[in-house]
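Chains as they are written, first to last, in our numbering: chain Z, 1 to 732; chain U, 1001 to 1046. Every residue, glycine too, gets a C-beta built ideally from N, C-alpha and C. Below is one structure, written out as structure tokens; the observations come after it.
Here's what the structure looks like:
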């Protein structure tokens, strides 16, 4: 099970004081409690089985949620200690982190929508059953009885299921605006009220069926929209992992854990190998290697000497070391990045979604139409009753069923198609933004390029095969490069036993009875052999360390993608934090004329902001922690699968495959989906052009209203499903 | 037509039963991890 954390992997010291953080996250329940742990490394069925089986003896109620990557612990006994469960998880090689509150993991709004869909669906079916009898000619007492039954079913169901619309409409009116939910709520309320009056009076037609069917279709649209968004929101908890909650402050009586917020500048903190630096700090003494891959995208560890500065979020390769804190937590590098990203996302969320724009035009028109119909019938002398009934028929028939489904149904189908192509997308709005992009900006390191071995031939085949045996257990880009080199050389597979990961350092295992190590730094049994500066090395017990030189080469599909983008007329730019020569050579290889080197994260943001001010809509493709703010600042963004957690959180879309071809597939699907959205809006418009005159003239009986509404909803849904088929391949 | 007096309540009752069952399944979080549920069938029972 190479995708799973190794069962024998060692205890990771990242959260050495987890019990304190855990205690704060427990929700008391009766005599016991509930704790939700975020475990980012849950991947597959075997992970579920491993974790639940291991936790069964101490906590039989433990439940893994694969979608959200969480483990929920529930217990009744007051004596139960959840840190036991955390220790078990860590010993399995997973990295559990507490989630702040249980509400983070429960999707209350989704559950409410689902219940509302169920209630309205149930009511719609039964009311329709009764209505069909009435339309078929039931009269007299039977007809009255059926109207009463319909009222009995529809009114409570509407009161319950239509609440999401009422709430949203009330909120919108309170702000002095009209949104789509105002005509919806008005139509439901008026139709129900008029029908109730007709039922009590025992004469006239009722619209219970239309009101409840309308609610049902609209709720389905809402639920689909919500589900696509929720899928992406589940990943938000990842950002917390970048910032350890505690720092080990060195005092007179040894070290003590202190919450990072309370650590003052000037305090001395201690950090072990494999831990993340909690705050921006300066190395107090000696020499240390830090893996800053997440911050700078640089794959080689950086060597820092006494007095050198280290940014928060860097991973200590060697240790333990003592550091002097430079800045309070709120000003640390990671905090500033998060703030930069939040600001950029704020700007982006102002993007007006197509459905909302359509609604802002549609809602006033519907109201005016209904009002005009009412006044027209009054003036024509048909009396208030008939005028009101006709106005209600107009409201019901123009109600945006098709419009409410037109966009979310396409987005759901498009997300499903992207998912099958190895792309996970955040929400429908991201799809719309992706469709509108008119230029593409790439990060270099880790995005356009991946590491590869400089000279595999220089390494003895036996050593390369052994290194690959260890590398197969890791998903690090360098490990993949080693495996690829071994496979390219046609070497027979060697099996390593007892493989475990030394966090921040590398992998160790046993081959042919001798211990082997692959990584930077060194294992406990050969610390002296560790090369300075934490360069990549392969070690065999009793043999001299073998340095492995790594260079970077173009990622699969990069050249093809850039060529296709340029052929499509989309300008390509490279923004990198790397040296100018390195960027220039990659740009030359890809034929990209516009490149910028040595950019800071805020430099990248500034570039993207300037492009957007100039009217361009750039797509950003990047992977590093330093790309997070830029990904958020771009009009749309894509991150590769091996990107940092922060980038994956910031990006609209995450590719799960190793090739950059996914970018092209995403653009093609986004454009195909846009075409179908526009078609659906067109269908909805045509439907209204036909149905509105009928309703205004008072010819819309409840039967006509119900048929028109259902058929238009079904047509747009079926049209949306076309996105799933191959008919949208290629950018049109 | 008097048969309707029984049939309508019976139809509503059966439909209501389905509704109650669905709401129960939502409440007990059976839809919170669709992906996990799909993978769990691959695991051997203990």
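Beta-carbon gap between residue i and residue j smaller than 8 Å
i, j, result
"residue 222 of chain Z", "residue 113 of chain Z", "yes"
"residue 507 of chain Z", "residue 490 of chain Z", "no"
"residue 37 of chain Z", "residue 78 of chain Z", "no"
"residue 720 of chain Z", "residue 688 of chain Z", "no"
"residue 67 of chain Z", "residue 1029 of chain U", "no"
"residue 123 of chain Z", "residue 162 of chain Z", "no"
"residue 279 of chain Z", "residue 258 of chain Z", "no"
"residue 477 of chain Z", "residue 446 of chain Z", "yes"
"residue 288 of chain Z", "residue 252 of chain Z", "no"
"residue 499 of chain Z", "residue 470 of chain Z", "yes"
"residue 153 of chain Z", "residue 182 of chain Z", "no"
"residue 619 of chain Z", "residue 441 of chain Z", "yes"
"residue 701 of chain Z", "residue 205 of chain Z", "yes"
"residue 150 of chain Z", "residue 208 of chain Z", "yes"
"residue 322 of chain Z", "residue 284 of chain Z", "yes"
"residue 466 of chain Z", "residue 494 of chain Z", "yes"
"residue 1036 of chain U", "residue 65 of chain Z", "yes"
"residue 695 of chain Z", "residue 363 of chain Z", "no"
"residue 604 of chain Z", "residue 561 of chain Z", "no"
"residue 598 of chain Z", "residue 628 of chain Z", "no"
Any non-hydrogen atom of the ligand GTP within 7 Å of residue i CB
i, result
"residue 626 of chain Z", "Here there are no bound small molecules, and the ligand GTP is not part of this structure."
CB-CB length for residue i against residue j, believed under 8 Å
i, j, result
"residue 639 of chain Z", "residue 654 of chain Z", "5 Å"
"residue 444 of chain Z", "residue 277 of chain Z", "The Cβ separation is near 25 Å, so there is no contact."
"residue 636 of chain Z", "residue 430 of chain Z", "6 Å"
"residue 418 of chain Z", "residue 558 of chain Z", "So it is not a contact: roughly 20 Å between Cβ atoms."
"residue 541 of chain Z", "residue 452 of chain Z", "Not a contact, Cβ separation roughly 27 Å."
"residue 44 of chain Z", "residue 1039 of chain U", "6 Å"
"residue 56 of chain Z", "residue 73 of chain Z", "Rounded, the Cβ-Cβ distance is 12 Å, inconsistent with contact."
Beta bridge counterpart(s) of residue i as assigned by DSSP
i, result
"residue 452 of chain Z", "Z/551"
"residue 572 of chain Z", "Z/440"
"residue 390 of chain Z", "Answer is none; residue 390 of chain Z lacks a bridge partner."
"residue 538 of chain Z", "Z/518 and Z/546"
"residue 447 of chain Z", "Residue 447 of chain Z is not bridged to any residue."
"residue 594 of chain Z", "Z/573"
"residue 501 of chain Z", "Z/507"
"residue 471 of chain Z", "According to DSSP, residue 471 of chain Z bridges with nothing at all."
"residue 63 of chain Z", "Z/72"
"residue 425 of chain Z", "Z/653"
"residue 256 of chain Z", "Z/249"
"residue 674 of chain Z", "Looking at the DSSP assignment, residue 674 of chain Z forms no beta bridge with any residue, so it has no partner."
"residue 97 of chain Z", "Z/38"
"residue 619 of chain Z", "Z/440 and Z/636"
"residue 29 of chain Z", "Z/32"
Best match in the options for proximity to residue i [C-alpha to C-alpha]
i, options, result
"residue 549 of chain Z", "Z/555, Z/559 and Z/537", "Z/537"
"residue 705 of chain Z", "Z/135, Z/160, Z/327 and Z/27", "Z/135"
"residue 516 of chain Z", "Z/468, Z/33 and Z/592", "Z/468"
"residue 1015 of chain U", "Z/45, Z/129, Z/64 and Z/61", "Z/129"
"residue 155 of chain Z", "Z/193, Z/140 and Z/677", "Z/193"
"residue 410 of chain Z", "Z/132, Z/432, Z/621 and Z/629", "Z/432"
"residue 551 of chain Z", "Z/566, Z/669, Z/582 and Z/525", "Z/582"
"residue 1019 of chain U", "Z/41, Z/32, Z/88 and Z/120", "Z/120"
"residue 567 of chain Z", "Z/147, Z/487, Z/683 and Z/439", "Z/439"
"residue 373 of chain Z", "Z/361, Z/362, Z/388 and Z/364", "Z/388"
"residue 54 of chain Z", "Z/69, Z/34, Z/93 and Z/43", "Z/93"
"residue 148 of chain Z", "Z/164, Z/198 and Z/115", "Z/198"
"residue 425 of chain Z", "Z/188, Z/370 and Z/641", "Z/641"
"residue 673 of chain Z", "Z/454, Z/600, Z/634 and Z/406", "Z/406"
"residue 267 of chain Z", "Z/167, Z/248 and Z/275", "Z/248"
"residue 219 of chain Z", "Z/195, Z/166, Z/171 and Z/173", "Z/166"
"residue 275 of chain Z", "Z/306, Z/602, Z/320 and Z/263", "Z/320"
"residue 371 of chain Z", "Z/186, Z/578, Z/325 and Z/659", "Z/186"
"residue 164 of chain Z", "Z/177, Z/145, Z/146 and Z/184", "Z/184"
"residue 180 of chain Z", "Z/29, Z/375, Z/398 and Z/131", "Z/398"
"residue 385 of chain Z", "Z/718, Z/201 and Z/308", "Z/201"
"residue 250 of chain Z", "Z/303, Z/668 and Z/325", "Z/325"
Which runs of the alpha helix (DSSP H) spanning at least 4 residues fall entirely within the segment 621-672 of chain Z, listed in chain order? 628-633 and 645-650
What are the start and end residues of each continuous alpha helix (DSSP H) run of 4 or more residues lying completely inside the segment 134-186 of chain Z, in chain order? 140-161 and 163-174
In chain order, what are the residue ranges of uninterrupted alpha helix (DSSP H) at least 4 long that sit wholly in the segment 261-322 of chain Z? 293-296
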